[in-house]
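Before any comments, here is the structure.
Okay, structure coming up:
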């Protein structure tokens with residue numbers, strides 16, 4: 001009975017979405033490009049699927065349907081738009097309290113060292129808040145409700161549904177801790193889904209840092225929500241389930257509450273846990289940016305030999321990934337810039353990419369005559385970059401999941417690159433959905449995103 005009801009509901013949802021998008025894309029051709037890009041991504045995943053003839057389409061179709069429904073509520077309805085806009089504003093205001101602690105520790109001149117003393121402390125503060133929510137039990141309730149919705153509609157197992165829901169709020173190595181007792185026995189498809197979910201989303205603590213850089217809080221929040229079902233859908237398309245998961249119909253998996261004795265200890269533990277994350281981010285940025293500068297120097301030297309001294313990593317990405325940016329719905333005149341951001345995010349990390357995006361946003365707001373991109377391009381970029389899908393994260397995932405399930409390390413290594421690609425595609429699909437649903441009339445006068453980054457300006 002439940003399966004029949006789910007199928008009927010799915011047909012109704014698909015018909016309504018089909019009618020809506022048929023009428024909607026006719027008004028704005030650029031929305032049709034984003035819709036076509038979504039179909040191209042799905043076709044790509046099916047072609048490179050591990051078992052293309054064994055794909056079970058229910059989780060795929062329901063995952064995409066949930067993504068569109070979430071997107072419609074957030075991006076098109078007045079209530080959803082105002083709710084997420086308000087939530088984003090409140091999160092931004094809440095994060096501003098970090099400045100009190102930063103000023104006390106680093107002195108009143110801490111803003112002169114924006115990244116080290118203003119962005120990184122936000123990660124520590126937000127990590128402490130999340131730990132506090134876990135101790136109280138708020139986070140577990142929210143995660144279980146979202147997981148229940150995905151499990152009921154997509155028919156995914158309890159383990160992979162919980163992990164996907166957890167990825168909305170916590171990182172790619174923290175979310176699997178909730179399902180640690182099951183990791184040794186999950187199927188290959190479940191393992192693929194768990195790893196893909198980590199690549200397709202970002203941690204709440206890191207999201208807070210991007211907000212501080214001036215990226216829209218409401219769009220970052222909505223991207224996190226929309227990418228969860230997309231990650232499951234794409235994972236089930238690229239690695240279909242061919243076994244029977246132990247938790248297929250299990251809706252009562254208990255989430256750990258933690259062993260802290262009181263609220264103070266929970267908050268302190270969250271802050272302490274973030275130290276390693278902050279150090280890792282800072283170290284990676286130093287290494288990656290230094291290597292990028294060296295690599296660009298070498299490319300420029302080689303390019304000068306053939307009359308192309310402007311040759312650089314970004315220059316190459318602007319050509320190679322330009323079609324990818326365009327089919328997301330980015331206007332052609334901006335697609336070279338967005339392609340650069342996609343390349344930086346994939347081959348370096350999303351932190352560097354968001355820093356560059358913040359520079360373009362800053363240029364638009366200040367009208368300083370430097371290179372800008374349209375608000376539509378900014379929004380699509382925000383969704384496309386919102387994930388840990390980059391080469392350096394492969395090591396993070398293997399290093400984080402390996403100790404939890406030592407016997408599955410060979411399996412993890414075998415599918416690591418496949419899950420990275422799946423996570424990347426999930427981010428791109430979320431960007432396509434944003435491109436389809438973006439309505440400029442809702443954003444007139446409200447997307448004046450002020451960035452606090454004093455050195456985020458991007459040259460023309």
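Residue numbers (the UniProt record's numbering): 1 to 460.
Don't be surprised by glycine CBs; every beta carbon is placed ideally from N, CA and C.
Where the alpha helix (DSSP H) through residue 146 begins and ends = 138–154
Taking only the alpha-carbon atoms, compute the straight-line gap between residue 345 and residue 389 and give it to the nearest angstrom.
-> The alpha-carbon atoms of residue 345 and residue 389 are separated by roughly 8 Å.
Pull up the CB-CB distance for residue 182 and residue 247, whole angstroms please, since I reckon it's below 8 Å.
-> Going by Cβ atoms, the distance from residue 182 to residue 247 rounds to 6 Å, so yes, they are a contact pair.
For residue 335, I'd like the list of residues in its chain whose CB is within less than 6 Å of its CB, leaving aside the five on either flank, ordered along the chain.
-> 322, 325, 326
Three-state secondary structure (DSSP) at residue 32?
-> helix
Collapsed DSSP secondary structure at residue 448 in the structure displayed = Because the pLDDT at residue 448 is just 44, under 50, the model does not fix this residue reliably, and the value given afterwards should be weighed accordingly. In this structure, residue 448 counts as coil in the three-state DSSP scheme.
How about residue 184 and residue 157: do their beta carbons lie closer than 7 Å?
-> No, they are not a contact pair.
Host alpha helix (DSSP H) of residue 90 (start-end) = 78–95
Where do the ends of the alpha helix (DSSP H) carrying residue 227 lie?
-> 217–238
Could you tell me how far apart the beta carbons of residue 44 and residue 433 are, in whole angstroms, since I believe they sit closer than 8 Å?
-> Going by Cβ atoms, the distance from residue 44 to residue 433 rounds to 16 Å, so no, they are not a contact pair.
Closest residue to residue 328 among 362, 383, 91 (Cα-Cα distance) | Of the residues 362, 383, 91, the one whose Cα lies closest to the Cα of residue 328 is 383.
Along the chain, where does the alpha helix (DSSP H) that runs through residue 421 open and close?
-> 409–437
For residue 387, which option in 108, 75, 206 has the closest C-alpha, if you only look at C-alpha atoms?
-> Residue 387 has its Cα closest to that of 206, out of 108, 75, 206.
Residue 372 in three-state terms, based on DSSP | For residue 372, the secondary structure class from DSSP, reduced to helix, strand or coil, is coil.
Expressed to the nearest angstrom, what Euclidean distance is found between the alpha-carbon atoms of residue 54 and residue 61?
-> Spanning the two alpha carbons is a distance of roughly 15 Å.
Measuring CB to CB, does residue 127 end up less than 7 Å from residue 273?
-> yes
Is the beta carbon of residue 312 less than 7 Å from the beta carbon of residue 299?
-> One thing to note: residue 312 has its Cβ within 7 Å of the Cβ of residue 299.
Hey, residue 163 and residue 201: beta-carbon distance below 7 Å or not?
-> no
Unbroken alpha helix (DSSP H) run spanning residue 163, endpoints = 158–167
In its own chain, which residues sit with a C-beta less than 6 Å from the C-beta of residue 317, not counting the 5 before and 5 after it?
-> 339, 340, 343
To which residues of the same chain is residue 14 closer than 6 Å at the C-beta, ignoring the five residues directly before and after it?
-> If we look at residue 14 and ignore the five residues flanking it on each side, it has no Cβ neighbours.
Between the C-alpha atoms of residue 212 and residue 145, what's the straight-line distance to the nearest angstrom?
-> Roughly 29 Å separates the two Cα atoms.
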